[in-house]
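Scroll down for the structure; my scribbles are underneath it.
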Amino acid sequence: MKVPLKWLREYVDISLSTSELARRLTMAGTEVDAILTTGRDWEKISVAEVVDVSPHPTADRLRLTTVDLGGEQMTVVCGAPNVAAGQKVAFARVGAELIDGHSGEPAILKAAKIRGVESAGMVCSEKELGLSDSHESILVLPEDAPVGTPLGEYLGDTIFDLDITPNRPDCMSVLGIAREVAALSGGSVREPPGDYEEQGRPIKGRLSVEIVDRDLCPRYCAALIEGVQIGPSPPWMQECLLAAGVRPISNVVDITNYVMLEVGQPLHAFDFSLISDRKIVVRRARPGEVLMTLDGTERPLNNDALVIADAKEAVAVAGLMGGAASEVTEKTTAILLEAANFNPANIRRTSTTLKLRTDASARFEKGLSPELAMVGIRRAVRLMVELAGGRAAEGIIDVYPGKKRITRITVTQERLRRILGLQLPTLQVRQTLTSLGFGCRWVPPDRYVVRVPYWRTDVSIPDDVAEELARIIGYDELPITTLRGAIPPAQPQPSRELRERVKDILAAAGMQEVIAYSLTNLESLTKVLPPEELRERPPLRVANPMSQQQEYLRTTLRASLLGTLSSNLRHRQGRIALFEVARAYLPRPDELPQEMESLAGVVTGDRPDRWGQPTGEPVALYDAKAYLEFLFDRLGLTVTYHDGEEFTLVPGRTAEVRLDDQRVGLVGQVHPRVAAAFDIEQDVYLFEVNLEAVVPQVGKPRLYQPLSRFPAVEEDIAIVVDEGVTAAQVQAIIEAFPLVQRAVLFDVYTEAPVPKGKKSLAYSVAYQSLEHTLSEAEVNRERRRILDRLKGQVGAVLRS
Amino acid sequence: MTLPQLQELREIEDKARKELAAVSDEEALESWRITHLGRRSRLNLLLRGLASLPLDERRQVGETANRLRSQLEEDLSQRQAQLSEAAVTAAVESGRLDVTLPGRPLAMGRLHPVTQVLRDILAAFVSMGFQVVEGPEVEWDYYNFEAVRIPKDHPARDMWDTLWIDYARNEEYPMLLRTHTSPMQIRVMEQMQPPVRIVSPGKCYRHEATDPTHEWMHTQVEGLAVDENISMADLKGTLYEFARRLFGRERRVRFRCDYFPFVEPGADMSIDCPLCEGQGCRACGNSGWIEILGAGMVHPEVLTNVGYDAERYTGFAFGLGVERVAMLRHGIEDIRLFYANDLRFLEQF
Chain Y
1 MKVPLKWLRE YVDISLSTSE LARRLTMAGT EVDAILTTGR DWEKISVAEV
51 VDVSPHPTAD RLRLTTVDLG GEQMTVVCGA PNVAAGQKVA FARVGAELID
101 GHSGEPAILK AAKIRGVESA GMVCSEKELG LSDSHESILV LPEDAPVGTP
151 LGEYLGDTIF DLDITPNRPD CMSVLGIARE VAALSGGSVR EPPGDYEEQG
201 RPIKGRLSVE IVDRDLCPRY CAALIEGVQI GPSPPWMQEC LLAAGVRPIS
251 NVVDITNYVM LEVGQPLHAF DFSLISDRKI VVRRARPGEV LMTLDGTERP
301 LNNDALVIAD AKEAVAVAGL MGGAASEVTE KTTAILLEAA NFNPANIRRT
351 STTLKLRTDA SARFEKGLSP ELAMVGIRRA VRLMVELAGG RAAEGIIDVY
401 PGKKRITRIT VTQERLRRIL GLQLPTLQVR QTLTSLGFGC RWVPPDRYVV
451 RVPYWRTDVS IPDDVAEELA RIIGYDELPI TTLRGAIPPA QPQPSRELRE
501 RVKDILAAAG MQEVIAYSLT NLESLTKVLP PEELRERPPL RVANPMSQQQ
551 EYLRTTLRAS LLGTLSSNLR HRQGRIALFE VARAYLPRPD ELPQEMESLA
601 GVVTGDRPDR WGQPTGEPVA LYDAKAYLEF LFDRLGLTVT YHDGEEFTLV
651 PGRTAEVRLD DQRVGLVGQV HPRVAAAFDI EQDVYLFEVN LEAVVPQVGK
701 PRLYQPLSRF PAVEEDIAIV VDEGVTAAQV QAIIEAFPLV QRAVLFDVYT
751 EAPVPKGKKS LAYSVAYQSL EHTLSEAEVN RERRRILDRL KGQVGAVLRS
Chain C
1 MTLPQLQELR EIEDKARKEL AAVSDEEALE SWRITHLGRR SRLNLLLRGL
51 ASLPLDERRQ VGETANRLRS QLEEDLSQRQ AQLSEAAVTA AVESGRLDVT
101 LPGRPLAMGR LHPVTQVLRD ILAAFVSMGF QVVEGPEVEW DYYNFEAVRI
151 PKDHPARDMW DTLWIDYARN EEYPMLLRTH TSPMQIRVME QMQPPVRIVS
201 PGKCYRHEAT DPTHEWMHTQ VEGLAVDENI SMADLKGTLY EFARRLFGRE
251 RRVRFRCDYF PFVEPGADMS IDCPLCEGQG CRACGNSGWI EILGAGMVHP
301 EVLTNVGYDA ERYTGFAFGL GVERVAMLRH GIEDIRLFYA NDLRFLEQF
């Protein structure tokens, strides 16, 4: 909301500097987004009178415009269609700083030859002056604008651009801001007058108003002004409107806009002669009802929409916009003026349905006071009598089914103290509230009765009163204390703790954490999930996505991780190892989805050399697996790896990770076709862990292995087995022997002399006892048993 | 009259000393030892021959010979020490390295900057007795809006443009991506009785076009403290402490009135702009202040919604944007960098 300070001063004296005023308003809840100064950049621009307009010798659309600058005359080329002799205009000389009408950037005006005619100045549009975006026509100043006066002196003002919070519709008016200013600076408010002489016949009997849907219309006021003469509004009113960002149209329309901006009450003026049967009916729209609104749009109305109708048909969408058929025109002489109050939620619904937001709806939807309707209509009728030459009919029709009692709130001193953390003196409470227009009575021994002014529809409970006090006194004045009292007992957060540990471990292992968007597209998911899974468990879809790129909640982290890898490969060589720990969203019928904490990692590229440069030796499955081994070791968990299969991964290069025989993850090479779908041409290895499945196993302490005081005997054993026998099988057999303290695989060999289809596995085995030094005979016996069992179970023979 | 043996001992000593001085390595030293102190050395042969001498001569020569032997042994060990010292020195001398060469690279992993900043934020509150709890990102309309006093058709809904989930019963029970972490206030209070003191981090989503200061996915931290006798002064104290821990003791902090439907009184907190030291710059919109969180006293209706006695209990709540804090801290000007995951960005933290 734009509030020009010139206008604001009509209602309150401002004793503060502009910056201090802005600061106090901001601190008290009305944020000053920007302080705009018009006129500051208007050097070399002054008020001029157009004395002659003649055709351009060679261009149809251009005119030669001669302006009088108060003694001096200049002729320039002008392209605006509305320029006419007798107008007062803003004229810029060469060297003036203007906003370029096309680019919107500030530019210095230069002398130019336009289609052969020398032009050393410009008649300005609103956009060129930075007043609005209007550029098609020139700005026509009020008739009494003093010719030759610098424009800044005439039109310049300081304008506050305010950010009004949705709870304060009363502040969407200059008067409302004046009330804030008065409370914040100790001044008092001058209410605009609303009295007038009733020269016309009584309205009673000449217009009937019926509210059919009383739930949606708490109040409807109607006044009649006859004998008006439609014409421009006075210069001072146009100046106010222009400064507030509203275009002047005609006296009647300007008055309705002016009063809305002044006191906050939206108004609508109908041409009374176009209201059928002199009857106003406030009702829900009928099935199939359509209204052509003022903006020329045909608007089909659903039956939740409230309309203002005459005896025949709808003439306005209540609280949003009037109909074109009953619009005030130059021929209008009798005005039916409406000031009403509507149900905020209903206005908002209709506004959403029609995709139509207006200055009126923005106010109604926030809950204006019905009391304001009468204030607004009186003010507007007065101005119509004064400025449009009208006769006001006697009386105002006031249908008021929703009248409410004045809100009174009992506020205890104790409640104020508990909320604000300090005890305010009674006098300060009363003064502060009174400065805002509240009534405040002290009821000994301990409470206040606070009467809420009609315009403050947002204040209804004692804590609201506490806020009023705090914001006017200043939040900075409240004391600062630290929390006392019991600290609630800690609840374990195993899932969160695991997630954070996993991040630390993988970062320590050299992987980079990434965080990707939770929403993805179907195309990406299709690349990494089998079609049947997508069919059976389709991901959740956003009903109103911002783009197709972000339409589905991801059910796997794989796609985004491969996408991230792909985009980084464009500018990165060498090893890349990325991981993400985030939620996958698994739909459940009629329930919120399961948000499963998941881990995914990818590694690709060449191993680095001593200088960190790529060696030409690409990472392999075992590099990816190493991260998992490190992770589970650090978590104190023992997992096993088994041949696995997965849609995205290469068969035979995929392992399933099991914890207590439950599948908790996998690791493998990303299928080249999948990689290619992400524009990745090199080998990529991927792992995934379902952290939810791991959580219950974490946190069990590891049991310590006692250290033997007796020496270990170490020896190497190499065996030959079928290629299908796994290292894990052999390892398990060897380690099952009681005297084997550990067995470490140190070589796998498949070349000659190892026969085809076989492989040689070499282990370094350490024998040790906790009780005594092992004799050679004992070691020999154990080795024999190991070899026997290896032979029996996996057909191993000792490699000679 | 000198005994010939004594004369020989002098010769042995002279020769041994002279040769020892010339010894320059361990190998030469060992051959010197064999020559002069070994079984077949002149000294040893002389000592062995003592038995044939008369008693007083034997004593006189024996004493001198033994003294010489221990002297030479002493010299040997001294020389040995000198040589090994020299060898170490030589080895060290010849082993000079260019210490400015880079270290052998370790694989360097890093946490995402949002993770890092989030942890610092949580740690600040945990040290003040707050517990960390988490909740769902896909939420019911009830928790996200209704229970925190933002009913359908309320104009405050404009403050949170929402991404809705498309599912069968969306008309009856609308499902959405939470627009803020405030639903956690309700979920936490439904689960426990006062005293409550929690922070709840997590992702939130808005139906919003992105630009350098707007991102549709972002990370928030919600805070909630409810007990008997909690006031705005406690809110200020807690958040002051947080701001100082995160942004440094020299930062100034400002509270102003603001509106959120679920708090009353409502507030927001700003710090003086760390980039221009409060002088006014582009980052702070020339105001000198940067808003970092919204806060307020929990609205009594919110307490009533979860069955708390709003007469007995009061509390405060706040919500802050993690990316915003990270941007301030690292001078990042474009919020979209966080989730673009460009390694050239991520590796800077």
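Protein chains in written order, with my numbering: chain Y, 1 to 800; chain C, 1 to 349.
Every residue gets a Cβ at the ideal spot worked out from N, C-alpha and C, and that includes glycine.
Using DSSP with H/G/I as helix, E/B as strand and the rest coil, what is residue i?
i: residue 316 of chain C; result: strand
i: residue 203 of chain C; result: strand
i: residue 134 of chain C; result: coil
i: residue 347 of chain Y; result: helix
i: residue 197 of chain C; result: strand
i: residue 324 of chain C; result: helix
i: residue 122 of chain Y; result: strand
i: residue 412 of chain Y; result: strand
i: residue 547 of chain Y; result: coil
i: residue 583 of chain Y; result: strand
i: residue 604 of chain Y; result: strand
i: residue 667 of chain Y; result: strand
i: residue 257 of chain C; result: strand
i: residue 490 of chain Y; result: coil
Output yes or no for whether 7 Å exceeds the beta carbon distance between residue i and residue j.
i: residue 194 of chain C; j: residue 486 of chain Y; result: no
i: residue 360 of chain Y; j: residue 266 of chain Y; result: yes
i: residue 88 of chain Y; j: residue 49 of chain Y; result: yes
i: residue 801 of chain Y; j: residue 203 of chain Y; result: Summary: the structure shown does not reach residue 801 of chain Y, with chain Y confined to residues 1 through 800, and so no result is reported for it.
i: residue 305 of chain Y; j: residue 339 of chain Y; result: no
i: residue 334 of chain Y; j: residue 273 of chain Y; result: yes
i: residue 754 of chain Y; j: residue 794 of chain Y; result: no
i: residue 562 of chain Y; j: residue 553 of chain Y; result: no
i: residue 775 of chain Y; j: residue 710 of chain Y; result: no
i: residue 659 of chain Y; j: residue 684 of chain Y; result: no
i: residue 602 of chain Y; j: residue 686 of chain Y; result: yes
i: residue 743 of chain Y; j: residue 734 of chain Y; result: yes
Check each candidate in the options and name the one with the smallest Cα separation from residue i.
i: residue 269 of chain Y; options: Y:224, Y:414 and Y:341; result: Y:224
i: residue 20 of chain Y; options: Y:31, Y:10 and Y:11; result: Y:31
i: residue 42 of chain Y; options: Y:555, Y:156 and Y:143; result: Y:156
i: residue 123 of chain Y; options: Y:83, Y:14 and Y:678; result: Y:83
i: residue 522 of chain Y; options: Y:534, Y:515 and Y:514; result: Y:534
i: residue 199 of chain C; options: C:130, C:67 and C:253; result: C:130
i: residue 491 of chain Y; options: C:255, C:191 and C:6; result: C:191
i: residue 111 of chain Y; options: Y:101, Y:93 and Y:102; result: Y:93
i: residue 106 of chain C; options: Y:610, Y:69 and Y:762; result: Y:610
Which residues in the same chain have their Cβ closer than 8 Å to the Cβ of residue i, if we skip the five residues on either side of it in sequence?
i: residue 402 of chain Y; result: 214, 217, 218, 219, 341 and 370
i: residue 346 of chain C; result: 110, 112 and 113
Tell me which residues share the same chain as residue i and place their Cβ nearer than 7 Å to its Cβ, disregarding the 5 neighbours each side in the sequence.
i: residue 318 of chain C; result: 223, 239, 293, 294 and 295
i: residue 723 of chain Y; result: 757, 758 and 759
i: residue 446 of chain Y; result: 412, 413 and 414
i: residue 281 of chain C; result: 273 and 275
Using the beta-carbon of each residue, which ones in chain C are nearer than 8 Å to residue i?
i: residue 17 of chain Y; result: Those within 8 Å of residue 17 of chain Y in chain C number zero; the least Cβ separation is about 16 Å.
i: residue 470 of chain Y; result: 232, 257 and 265
i: residue 461 of chain Y; result: 264 and 300
Can you give me the Cβ contacts of residue i inside the same chain, cut-off strictly under 6 Å, excluding the 5 residues immediately before and after it?
i: residue 644 of chain Y; result: 654, 655, 656 and 666
Listing by chain order, which chain Y residues have their CB less than 8 Å from the CB of residue i?
i: residue 238 of chain C; result: 482 and 483
i: residue 389 of chain C; result: The first residue shown for chain C is 1 and the last is 349, placing residue 389 of chain C beyond what the model contains.
Along chain Y, which residues have their Cβ under 9 Å away from the Cβ of residue i?
i: residue 186 of chain C; result: None at all; the shortest Cβ gap to chain Y is about 14 Å.
Is residue i near the ligand ZN, going by C-beta to nearest heavy atom under 6 Å?
i: residue 737 of chain Y; result: This structure lacks the ligand ZN, and indeed carries no ligand of any kind.
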